[in-house]
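In the numbering used here, the protein residues as written are 3 to 178.
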């Protein structure tokens, strides 16, 4: 009886260990990144080194396990890091395109990725044509998504200067 229990315990222990060491590494790096953000700040070397390691690990995971359900979330996180901390919006858009093309309608991350891609094209790349296309794609694929009202509003205001937007607002709602 003791041998059987040990065997069962060993089998359960094996079943509970991470099957993908790369995924475990990503989870560890995510935690470490958060800790370094809180302790060192977003422009510190320790934070940026960890962020770079995380992006590389997430991209490698996506190449090695292209159909794994975590890939969209990992690529979205890598894109956010590229755009926010490394000032690489074009690279972020490349990663977000992968999510849209490979996981459209298959992942709950896909709508957020497509919206974020449009937002980056609009605000960081100043590419209104691409932003318009992505917002329109978003509304075509996800018309009832919680971000749909924001996508519609962004389309209405796309390419307008702050002065033009203010003028529009004042026309709709004149000051007393």
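Even glycine gets a Cβ: it sits at the ideal position worked out from N, Cα and C. Bear in mind that the values here come from a model prediction, so they are computed numbers and not experimental data.
- Task: Can you say whether residue 142 is buried or exposed, counting buried as having 16 or more other CB atoms within 10 angstroms of its CB?
- Result: If you number the chain shown from 1, residue 142 lands on position 140. Answer is exposed; the Cβ neighbour count stays below 16.
- Nearest residue (CA-CA) to residue 154, options 33, 165, 166, 139: Your numbering for residue 154 matches position 152 in the chain shown. It is 139 whose Cα lies nearest to the Cα of residue 154.
- Message: Give the list of continuous alpha helix (DSSP H) stretches no shorter than 4 residues that lie fully inside the segment 47–96.
- Response: 47–66, 73–86
- Task: Count the other C-beta atoms from every protein chain shown that fall within 10 angstroms of the C-beta of residue 53, then say buried if there are 16 or more, exposed otherwise.
- Result: Position 51 of the chain shown, counted from the start, is the residue given in the question as residue 53. Buried, by the Cβ-count rule.
- With a cut-off of 8 Å, do at least 3 Cβ pairs link the segment 40–50 to the segment 58–74? no
- Query: What are the boundary residues of the alpha helix (DSSP H) that includes residue 186?
  - Reply: Look at the range of the chain in this structure, 3 to 178, and you will see that residue 186 is not part of it.
- Would you mind giving the Cβ-Cβ distance between residue 101 and residue 112, rounded to the nearest angstrom? I have them listed as a contact below 8 Å. Start at 1 with the first residue of the chain shown, and residue 101 comes out as number 99. Start at 1 with the first residue of the chain shown, and residue 112 comes out as number 110. Contact holds; Cβ gap of about 6 Å.
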